[in-house]
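J.: Residue numbers (this note's numbering), protein chains in the order written: chain E, 768 to 1142; chain Y, 180 to 281.
For each residue, glycine too, the CB sits at the ideal point set by N, CA and C.
The structure displayed is predicted, hence computed values, not measured ones.
#1: Give me, in chain order, the residues of the same chain whose beta-carbon lies closer than 7 Å to that of residue 774/E; leave out the 5 immediate sequence neighbours on both sides.
#2: Smallest Cα separation from residue 919/E: which of 1138/E, 958/E, 1088/E and 1119/E?
#3: Could you name the residues of the same chain whose beta carbon sits closer than 8 Å to that of residue 1143/E, not counting the 5 residues immediately before and after it, in chain order?
#4: Would you please verify whether the beta carbon of residue 1012/E is less than 8 Å from any beta carbon of chain Y?
#5: Helix, strand or coil for residue 269/Y per DSSP?
#6: Check the Cβ of residue 781/E against every Cβ in chain Y and list those closer than 8 Å, keeping chain order.
#7: Hey, does residue 1069/E have any beta-carbon neighbour from chain Y nearer than 8 Å?
#8: Using only CA atoms, which one of 984/E, 834/E and 1097/E lies nearest to residue 1026/E?
#9: With three or more beta-carbon pairs closer than 8 Å as the criterion, would you say the segment 954 to 973 of chain E touches the segment 995 to 1012 of chain E?
#10: Count the other CB atoms, across all protein chains shown, that sit within 10 Å of the CB of residue 770/E; report buried if there are 16 or more and exposed otherwise.
#11: How would you write the range of the beta strand (DSSP E) that residue 249/Y sits in, first residue to last?
#12: Got a sec: is the Cβ-Cβ distance from residue 949/E to anything in chain Y below 8 Å?
#13: Residue 917/E versus chain Y: which residues are under 8 Å apart at the beta carbon?
#14: Could you name the residues of chain Y that residue 1005/E contacts, counting a contact when the two beta carbons are closer than 7 Å?
#15: In whole angstroms, give me the CA-to-CA distance for residue 1135/E and residue 785/E.
#16: Going along the segment 901 to 926 of chain E in order, which residues come within less than 9 Å of chain Y, judged by CB to CB distance?
#17: Pairing CB atoms from the segment 1057 to 1065 of chain E with CB atoms from the segment 941 to 951 of chain E, are three or more of them under 8 Å?
#18: Kindly indicate which three-state DSSP category residue 1039/E falls into: helix, strand or coil?
#19: Could you check the C-alpha separation between residue 827/E and residue 843/E for me, to the nearest Å?
#20: Using 10 angstroms around the beta-carbon of residue 1120/E, count the other beta-carbons present and answer buried if the total reaches 16, otherwise exposed.
#21: Sorted by chain position, which residues of the same chain lie with C-beta nearer than 6 Å to residue 950/E's C-beta, five sequence neighbours on each side aside?
#22: Can you tell me where the alpha helix (DSSP H) with residue 1090/E in it begins and where it stops?
#23: If you measure between the beta carbons of residue 225/Y and residue 196/Y, is that distance less than 8 Å?
#24: Taking the alpha carbon of residue 1139/E as the reference point, which residue from 794/E, 966/E, 809/E and 778/E has its own alpha carbon closest?
#25: Taking only three categories from DSSP, how would you classify residue 281/Y?
#26: On the DSSP bridge list, what partners appear for residue 762/E?
#27: Taking 8 Å as the CB-CB cut-off, is residue 990/E touching chain A?
#28: Report yes or no: do three or more beta-carbon pairs, one from the segment 961 to 977 of chain E and one from the segment 1013 to 1022 of chain E, lie closer than 8 Å?
#29: Mind listing, in chain order, the continuous beta strand (DSSP E) runs of no fewer than 3 residues lying wholly within the segment 807 to 838 of chain E?
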């Protein structure tokens, strides 16, 4: 499969080519959404859905997303009186060589003038983006995440192990693979520490999981209930292993705690959200966290039928045959043959890996076609 | 042939039913080179586990190649494995506080 990426001035290569529309405060979100709807195909929308005060975490994340490999440039929209300075966000993006323009609504003169100025800027940036140099990418250049949401019994049995096996294939080709959700790795500290490439990484993953376990014990909010037991899960460990099944079998190279810390390294990683950097919630947050860590695309396993999309292409996998009848419109990869007992994980993993390459080469996912923007 | 159960790791002591399975049913589960056929001693609901071998009380029970708990009693090959005969040491003792029955 020939993958032609989009070269960025900072050396990154993206699999999509979008101009970012960024809002720096709740008050500029409305105008940003209007602009997104004016140019739905060529832009991506995100921002900091918070108030006036400056917070470093979300701003780091918004900047990381603006400097993502798929982002060709940015229009940053502020209201003007908030602590997060739209000009500074634009400067941080411009520092990577990407064209970026900031507009503050109460300097520009209200909604209409802002939309006029911003839309004119977007037309120029979109046209500029369309001339981006195309360069060939190898599977080794790809960074792919795996997330589960709306899980059921089939997630841990079929779809999660399937993404792990596809992740293994990507790593064997020289690429990078990650998953997140440390809070669902209860009892997995020893296993992951044994897979760590060195003592530092082993200590790091142990510390991350132990902190999460401690919070669960103290808060009394384990994700565990009678539904799990009725579904056939015997212990929290068993449930966690279903989540851990996304990890595949390769050595753990590191725990990504800050955006930018991947820094071109290859292999298997666990990613975490930067403290206080949450800009969305739930699964869309997870997808955008992958993007902030540099993922080109993500696999997303669901049993109940989540329809979530995000800033990066999402390959939605479903293994529950009953649910497939209801939610097929949103599913990109049909893993039901495993649960129907017709195919094995080993047989299907190379097909999922090929789907990753196809999406990297430009094949649109359902959430992209539907025009999802969770922002 | 449609498989009735899934075996996730060659080291595992249990396989998971891909359909509701009945007592006396002969079920095969396979992964890689390993292929295990057992006759079920009792019914096993969809998503639940059965033992692939005789497991002694106190032994760890492996699924995904990892311990999901210890056998609370001797478990015979073909028996349903769940919270009544398998428990996690690490989190299981917290069951009263968290409503966990495991």
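T.: According to the structure shown:
#1: Here residue 774/E is taken as the residue at index 7 of the first chain, counted from 1. Excluding residues within five positions, the ones whose Cβ falls inside 7 Å are 780, 899, 900 and 902.
#2: For this step, residue 919/E is matched to residue 152 along the first chain. Minimum Cα distance to residue 919/E is reached at 1088/E.
#3: Because chain E spans 768 through 1142 in this model, residue 1143/E falls outside it and cannot be assessed.
#4: For the purposes of this step, residue 1012/E is taken as the residue at position 245 of the first chain. Yes - at least one Cβ of chain Y is within 8 Å of the one on residue 1012/E.
#5: Counted from its first residue, the second chain places residue 269/Y at position 90. In the structure shown, residue 269/Y sits in a helix (DSSP, three-state: H, G or I).
#6: Against the first chain, residue 781/E aligns to sequence position 14. Near residue 781/E there are no residues of chain Y at all, since even the closest Cβ is about 35 Å away, more than 8 Å.
#7: Within the first chain, the letter at position 302 stands for residue 1069/E. No - not a single Cβ of chain Y is within 8 Å of the one on residue 1069/E.
#8: On the first chain, position 259 is the one that residue 1026/E refers to. The shortest Cα separation from residue 1026/E among 984/E, 834/E and 1097/E belongs to 834/E.
#9: yes
#10: Locating residue 770/E in the first chain gives position 3, where the first residue counts as 1. By the 10 Å Cβ count, residue 770/E comes out buried.
#11: As a first step, residue 249/Y is located in the second chain; it is residue number 70 there, counting from the start. Its beta strand (DSSP E) spans residues 245 to 250.
#12: Position 182 of the first chain, counted from the first residue, corresponds to residue 949/E. Judged by the 8 Å Cβ criterion, residue 949/E is not in contact with chain Y.
#13: Translated into the one-based positions of the first chain, residue 917/E becomes position 150. Those within 8 Å of residue 917/E in chain Y number zero; the least Cβ separation is about 16 Å.
#14: Here residue 1005/E is taken as the residue at index 238 of the first chain, counted from 1. Within 7 Å Cβ-Cβ: 242 and 247.
#15: Sequence index remark: in the first chain, residue 1135/E carries index 368 (1-based). Sequence index remark: in the first chain, residue 785/E carries index 18 (1-based). C-alpha separation (whole angstroms): 12 Å.
#16: 919, 920, 921, 923, 924 and 925
#17: yes
#18: Numbered from 1 along the first chain, position 272 holds the residue referred to as residue 1039/E. DSSP places residue 1039/E in coil when its eight states are reduced to three.
#19: Locating residue 827/E in the first chain gives position 60, counting from the first residue. Locating residue 843/E in the first chain gives position 76, counting from the first residue. Rounded to the nearest angstrom, the two C-alpha atoms are 14 Å apart.
#20: Within the first chain, residue 1120/E is the residue found at index 353, counting from 1. By the 10 Å Cβ count, residue 1120/E comes out buried.
#21: Taking the first residue of the first chain as 1, we reach residue 950/E at position 183. Taken in chain order, the residues that qualify are 979.
#22: One-based indexing of the first chain puts residue 1090/E at position 323. 1088 to 1094 is the extent of the alpha helix (DSSP H) around residue 1090/E.
#23: Here residue 225/Y refers to the residue found at position 46 when the second chain is read from its first residue. Here residue 196/Y refers to the residue found at position 17 when the second chain is read from its first residue. Yes.
#24: Along the first chain, one-based indexing puts residue 1139/E at 372. Checking every option, the nearest Cα to that of residue 1139/E belongs to 809/E.
#25: Residue 281/Y sits at position 102 when you count from the first residue of the second chain. Residue confidence is low: residue 281/Y scores 37 on pLDDT, short of 50, so the model does not pin down where it sits. Its coordinate-derived value is still stated next. Of the three classes helix, strand and coil, the one that applies to residue 281/Y here is coil, per DSSP.
#26: Limits of chain E in this structure are 768 at one end and 1142 at the other, which puts residue 762/E out of reach.
#27: Checking the listed chains, one finds no chain A in this structure; the protein chains it contains are E and Y.
#28: yes
#29: 810 to 814
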